[in-house]
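In what follows, a single structure is set out as structure tokens and then discussed.
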Amino acid sequence: MAHRGSSERTRAPGAPNYRAVFQVREFRAVFAAHLMSLLGVVVCEIALTVLVYRLTASPLLSALTFALGFLPYLVGGTLLAGVADKYPARRVLVVCDLLCAACAAAMVLPMTPVAVLLALRCLIAAVSPVFNGTRMATLADILGDGDLFVLGRSVLRIVSQSAVLTGFGLGGLLLAVVSPRGALAVTVATFLGSALLLRFGTVRRPARDGDSGALLRSSLSGARQVFADRRLRVLMLLFWAPPMFSVAPEALAAPYADEIGIGSAGLGLLMCALPVGTITGELYAGSALGPRARSRIVLPLAATTLLPLTVYALTPGLGWALLALTLCGAGSAYTLGLDRWIVEEIPEELRGRAMTLLTAGLMTIQGVGMALAGLAAEFFSVSAVVTGAGVIGTLCCLLLVAEARRTEERDGADRHMTSR
């Protein structure tokens with residue numbers, strides 16, 4: 206019995222690993238394009254924030270420039286989601302990159318006023334969920350909807366989390382060498398490079414949805430179909446809920462560092478702890494666990510990943526806070542198994558719209574979580590707010606886990622009746 210348990214925890218011989226993902230030529234092109242577009246977004250965020258502040262000397266407008274990276278996600282992800290299925294995926298990806306490059310190029314022009322700069326920032330943010338959702342759906346076309354897809358998604362997430370650790374530092378170094386508009390010119394080049402990689406590195410596939418109706422109708426119809434499916438709805442909510450609450454300690458890292466008197470160096474460590482835990486958890490689940498084991502840990506980890514935040518009730522020092530945040534981040538390894546459940550649940554003709562909604566919802570819910578944490582901190586101590594996020598978030602996740610189990614049992618019963 207012990208031998209059997211050990212084999213289920215580790216990867217089965219011959220099971221796909223991260224190396225197998227990179228052996229797929231198309232994935233290598235998608236991965237390289239992801240790196241370039243991610244670099245473009247990070248540099249654009251930093252350079253534009255600095256540029257707006259220099260032009261206006263307004264901290265509010267500078268902060269608003271950064272916040273605009275979150276706000277249009279819901280609008281773009283809901284109203285434009287139909288693009289992901291109505292048109293060939295490669296065309297959608299390339300056009301999105303070219304549109305972002307054109308926006309960045311307009312930002313470089315000296316005569317572009319601040320209001321237009323902010324509008325262009327909104328446009329890039331509105332396009333992002335369509336691009337990301339289409340890329341996720343394309344990943345399933347390239348890698349299938351099995352273990353390779355899960356590992357491919359994991360690789361892209363790890364890169365995104367790594368960008369949190371290194372991207373802003375590199376962007377700051379770039380601004381020490383060139384002007385903000387010069388940095389935005391680099392952004393133009395990265396978006397164009399991504400477009401070229403996707404155009405010539407991926408295969409043209411037909412559109413998933415042959416509906417020739419209006420885009421808005423297709424987008425809203427897709428959203429209704431996604432959320433009408435009880436099982437798919439709860440899986441998407443399970444994907445969104447932990448990040449909504451886990452952003453609280455990140456959003457309040459500066460005031461907490463001030464509260465416990467750890468200085469700017471300690472603040473930097475607090476900001477790094479959660480993404481370090483996330484990367485570590487993803488790498489372990491992706492490299493050491495097989496598909497069955499990753500499925501088994503989804504619900505237990507989703508239910509408990511926010512519990513470490515409750516240590517903030519004791520107003521912990523730097524060491525304990527870092528440990529809590531790292532453990533909270535590592536718990537996000539549940540998303541590898543959840544990715545597979547979601548992609549298997551989505552009908553093929555709906556995949557692009559569903560993935561776009563998933564991406565848009567994730568970014569929007571994190572923005573809402575940050576705003577709520579900041580609002581709560583106006584009335585309560587930071588330690589109380591983070592503790593509350595851990596407690597309330599865990600209760601929400603437990604309810605979602607219970608619902609996920611019920612829908613799993615219902616689907617199992619339905620399949621049994623069908624087979625009879």
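By the count of this note's numbering, the sequence shown reaches residue 625 at its end, each step adding exactly one.
We put the beta carbon where it would ideally sit given N, CA and C, even for glycine.
Because the structure is a prediction, the values reported are computed rather than measured.
Can you find the residues in the same chain that come closer than 7 Å, C-beta to C-beta, to Trp525, ignoring five residues on each side of it along the sequence? Cβ within range, chain order: Val516.
CB-CB length for Ala342 against Gly557, believed under 8 Å: The Cβ separation is near 4 Å, so the contact holds.
Checking 8 Å against the spacing of the C-beta atoms, do Leu325 and Ala311 come in under that value? Here Leu325 is near Ala311, since their CB atoms are less than 8 Å apart.
Quick one: grab the DSSP three-state call for Ile329. In the three-state scheme derived from DSSP, where H, G and I count as helix and E and B as strand, Ile329 is classed as helix.
Hey, which unbroken runs of the alpha helix (DSSP H) at 4 residues or more fall wholly within the stretch 464 to 543? The stretch 464 to 543 contains these whole alpha helix (DSSP H) runs: 468 to 493, 496 to 509, 523 to 535.
Verify whether the separation of the beta carbon atoms of Leu479 and Leu519 is less than 8 Å. Contact flag unset, no.
Would the beta-carbon of Ala289 fall within 8 Å of that of Thr561? Using a Cβ distance threshold of 8 Å, Ala289 and Thr561 count as a contacting pair.
If we count the other Cβ atoms within 10 Å of its Cβ and call it buried at 16 or more, is Val321 buried or exposed? So Val321 counts as exposed.
Just to confirm the assignment: which complete alpha helix (DSSP H) runs, minimum length 4, are found wholly within the stretch 416 to 452? Within the stretch 416 to 452, the complete alpha helix (DSSP H) runs of at least 4 residues are 420 to 433.
Can you have a look at His208 and say buried or exposed, based on whether 16 or more other CB atoms are within 10 angstroms of its CB? Residue confidence is low: His208 scores 36 on pLDDT, short of 50, so the model does not pin down where it sits. Its coordinate-derived value is still stated next. That one is exposed.
Straight-line gap, Ala390 to Ser399 (C-alpha atoms, nearest Å): In a straight line, the C-alpha of Ala390 is about 15 Å away from that of Ser399.
Would you mind working out which of Leu457, Leu523, Leu532, Ala498 sits nearest Gly482, comparing C-alpha positions? Closest by C-alpha distance to Gly482, out of Leu457, Leu523, Leu532, Ala498, is Leu532.
Checking 8 Å against the spacing of the C-beta atoms, do Val226 and Leu356 come in under that value? Cβ distance < 8 Å, so Val226 and Leu356 count as in contact.
If distances are taken between C-alpha atoms only, which option among Gly245, Thr270, Leu378, Thr339 comes closest to Pro411? The alpha carbon of Pro411 has as its nearest neighbour, out of Gly245, Thr270, Leu378, Thr339, the alpha carbon of Thr339.
When you compare the CB positions of Val319 and Leu260, do they come within less than 8 Å of one another, or not? Contact annotation: Val319 and Leu260 have beta-carbon atoms nearer than 8 Å.
What distance in whole Å lies between the Cβ atoms of Glu550 and Tyr359, which are believed to be in contact at a cut-off of 8 Å? This sequence places Ser at residue 359; Tyr is not what is there. Between Ser359 and Glu550 a beta carbon distance of about 19 Å is seen, past the 8 Å cut, so the two are scored as non-contacting.
Would a C-beta distance cut-off of 8 Å place Thr592 and Leu527 closer than the cut-off? 8 Å or more divides the Cβ of Thr592 from the Cβ of Leu527.
Taking only the alpha-carbon atoms, compute the straight-line gap between Pro277 and Cys327 and give it to the nearest angstrom. Using only the alpha carbons, I get a separation of about 6 Å.
Who are the near neighbours of Arg386 in its chain, counting only those whose CB is closer than 6 Å to its CB and skipping five residues on each side? So the list reads Val313, once near-sequence residues are dropped.
Quick check on this structure: which residue in Thr395, Ala368, Pro315 has the alpha carbon closest to the alpha carbon of Ser384? Restricting attention to Thr395, Ala368, Pro315, the CA atom closest to the CA of Ser384 is found in Pro315.
Cα-Cα separation between Ala507 and Tyr292, rounded to whole angstroms: Using only the alpha carbons, I get a separation of about 35 Å.
CA-to-CA distance, Gln366 to Thr485, given in whole angstroms: In this structure, the alpha-carbon of Thr485 lies about 11 Å from that of Gln366.
Between the Cα of Phe450 and those of Gly572, Ile467, His239, Leu279, spot the shortest distance and give me the residue it belongs to. Nearest Cα to Phe450 within the set Gly572, Ile467, His239, Leu279: Gly572.
Reduced DSSP category for Pro460 - H, G, I as helix; E, B as strand; rest coil: DSSP places Pro460 in helix when its eight states are reduced to three.
Using CA atoms only, rank isn't needed, just tell me which of Ala286, Arg413, Val439, Gln228 is closest to Leu604. Looking at the Cα atoms, Val439 is the closest of the given residues.
Sub-8 Å separation of Ala294 and Ser424 beta-carbons: Going by C-beta atoms, Ala294 is not nearer than 8 Å to Ser424.
Within 8 Å, strictly: CB atoms of Thr371 and Gly245: Not in contact: Thr371 and Gly245 (Cβ atoms no closer than 8 Å).
With 16 as the cutoff for other CB atoms within 10 Å, does Ala607 come out buried or exposed? In summary, Ala607 is exposed, with fewer than 16 beta-carbon neighbours lying within 10 Å of its beta-carbon over all protein chains present.
Residue of Leu298, Pro448, Ser426 minimising C-alpha distance to Phe396: Comparing Cα-Cα distances from Phe396 to each of Leu298, Pro448, Ser426, the minimum goes to Leu298.
Local conformation of Pro293 per DSSP, three classes: Three-state DSSP puts Pro293 in coil, outside helix and strand.
For the putative contact between Cys602 and Leu511, defined by C-beta atoms under 8 Å, what is the C-beta separation to the nearest angstrom? Yes, Cys602 and Leu511 are in contact; Cβ-Cβ is about 7 Å, under 8 Å.
So which of Asp302, Leu494, Ala565 has the shortest CA-CA distance to Tyr539? Comparing Cα positions, the closest option is Leu494.
If you reduce the DSSP assignment to three classes, tell me which class Glu583 lands in. Under the three-state reduction of DSSP output, Glu583 falls in the coil class, being neither helix nor strand.
Can the beta-carbon of Met476 be found closer than 8 Å to that of Ala456? No.
Coil, strand or helix - Met341 by DSSP: DSSP places Met341 in helix when its eight states are reduced to three.
Can you tell me whether Phe585 is buried or exposed? The criterion is at least 16 other CB atoms within 10 Å of its CB, across all chains shown. Phe585 is exposed by the Cβ-count criterion.
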